[in-house]
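Trainee: In my numbering, the protein residues as written are 181 to 690.
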């Protein structure tokens, strides 16, 4: 019990530190330049309470269940199974997890010209295929940059022929499908696969799965755009709620809970069944370990229900209203710095970000600190939201940002340590999670409405931008790390060769 009490306290402090800044920003704006109706502010504050509780439970649950499940399954698959069987299981795993990813349901509603089931199944096939490709890369130690260059060339060739209304939605899909449900399990699966290798690049190759899985949805949506040739993909935002008393406030959340109880149950069920089959036929873990995993799954379930209810019911109206109000001001370009400040802090509230940072610290033995990663991610997301607000106000195509951004990211991959490239491309999918989809996207939509722009072309794409800039920011962190390491080695020329792999802090300590 002491263990759980200590972990609860730690996770609660993390959640409060992550969410408090965005609460403070919204409250400050509501009392200054953007007066917010009491009903919307109350929805936001109540949603924030649910978000804090949900984030606390989710991060603890992922630590207790999703990570050990993924690592054990990955190690067992890589150790005992035929390559063809491994690839088939990876495809099935990627497919069933993606079908049940809650954020994908939101995306499906934004493309009315394509039936929801067709879009969801196509995107799931894309993720399943690329998860299998990622495992091939890992097993044969192929550099991640080779695959990234190849597949992004294919992506940008397809963008030349796809309808313009599909471009932003396609790139957004790469972010929403690698959500809080899939990221912890897929990343742990990669660590498990890498554990069976003993070469020096095993740690580097344990990352990169999320990066490649994010390519599949982009290609799938672009291909669907070519097949269906839609005449219009208009988007009609939901009306803002008008709440008169506390009973109606509770009714808003009460009506949302059943939907998310069902969605998260359907999301967790495929992973639980997949693990149960492995447990019965292959893993055969001890009872104590199984109990711990079951408790972790329960925490994960409760946390995601609270988190997604809070952000969908409480945060979406607040984001939409703030965007509309700020963009309607005479000095509407203040939208850019405000968006940057929001982006800097909101990424800290993404639940899967903490999972990534903890796994990075663990796999690198602390050589890459979670704090440095967090700051780099925040800076990257701040820039991406600022550029997205500039797009909303000017109507510039997302092409002017996405193509140069990915070219810079791929070029950097040739000059920084491989592990930073893999972590960077993983972090893009992790940063563009439910907080981006349910607060920043409505914020951009509201601003686009007030500015008189095209919502599908100008507001959509913010998730893609949030997924892109961390690729550059984390690799810049890698370049700085590499320069500092070279200076340390130059200052200590008598270090023996077996210390070459140590970081600067380790060298100084020695």
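Glycine is no exception: its CB is placed at the ideal position from the N, C-alpha and C atoms. Treat the numbers as computed from the prediction; the structure is a model and nothing was measured.
How far does the alpha helix (DSSP H) with residue 481 in it reach, from first residue to last?
Mentor: Start and end: 467-489.
Trainee: Check residue 251 in the structure and name its three-state DSSP category.
Mentor: If DSSP states are grouped into helix, strand and coil, residue 251 belongs with the helices.
Trainee: Return the CA-CA distance between residue 619 and residue 668, expressed in angstroms with no decimal places.
Mentor: For residue 619 and residue 668, the distance between alpha carbons rounds to 43 angstroms.
Trainee: For residue 405 and residue 342, I'd like the C-alpha separation in whole angstroms.
Mentor: Cα-Cα distance, rounded: 6 angstroms.
Trainee: Whole angstroms are fine: how far does the CA of residue 388 sit from the CA of residue 605?
Mentor: Whole-angstrom Cα-Cα distance: 7 angstroms.
Trainee: Let me know the secondary structure DSSP gives residue 238 once reduced to three states.
Mentor: Helix.
Trainee: Starting from the Cα of residue 242, find the closest Cα among 363, 301 and 206 and give me that residue.
Mentor: Considering only alpha carbons, the answer is 363.
Trainee: Measuring alpha carbon to alpha carbon, tell me which of 653, 627 and 344 ends up nearest residue 596.
Mentor: Answer by Cα proximity: 653.
Trainee: Quick one, are the C-beta atoms of residue 658 and residue 578 less than 9 angstroms apart?
Mentor: Against a cut-off of 9 angstroms, the Cβ pair of residue 578 and residue 658 comes out as no contact.
Trainee: Any idea if residue 559 is buried or exposed, counting beta-carbon neighbours within 10 angstroms, 16 or more meaning buried?
Mentor: That one is buried.
Trainee: Tell me which residues share the same chain as residue 301 and place their Cβ nearer than 8 angstroms to its Cβ, disregarding the 5 neighbours each side in the sequence.
Mentor: Only 279 meet the Cβ criterion.
Trainee: Looking only at its chain, what residues have a beta carbon closer than 6 angstroms to the beta carbon of residue 589, apart from the 5 residues adjacent to it on each side?
Mentor: 651 and 652, listed in sequence order.
Trainee: Given residue 575, which residues of its chain have a CB within under 7 angstroms of its CB, disregarding the five upstream and five downstream residues?
Mentor: Excluding positions up to five away in sequence, the list reads 633 and 638.
Trainee: Which ranges does the alpha helix (DSSP H) cover as unbroken runs of at least 4 residues, wholly within the stretch 562-627, from first to last along the chain?
Mentor: If we require 4 residues or more, the alpha helix (DSSP H) runs fully inside the stretch 562-627 come out as 579-592 and 598-611.
Trainee: State the DSSP-derived secondary structure class of residue 667, mapped to helix, strand or coil.
Mentor: Here residue 667 sits in helix by DSSP.
Trainee: Would you decide whether residue 321 is buried or exposed? Buried here means 16 or more other CB atoms lie within 10 Å of its CB.
Mentor: Exposed, by the Cβ-count rule.
Trainee: Buried or exposed, going by whether 16 or more other CB atoms sit within 10 Å of the CB of residue 534?
Mentor: Buried, by the Cβ-count rule.
Trainee: Residues in its own chain within less than 8 angstroms of residue 197 by CB, not counting five upstream and five downstream?
Mentor: Closer than 8 angstroms at the Cβ level, and outside the excluded window around residue 197, lie 528.
Trainee: Taking only the alpha-carbon atoms, compute the straight-line gap between residue 458 and residue 253 and give it to the nearest angstrom.
Mentor: The alpha-carbon atoms of residue 458 and residue 253 are separated by roughly 7 angstroms.
Trainee: Assuming residue 345 is part of the alpha helix (DSSP H), what are its boundary residues?
Mentor: Looking at the DSSP string, the run of the alpha helix (DSSP H) that includes residue 345 is 344-356.
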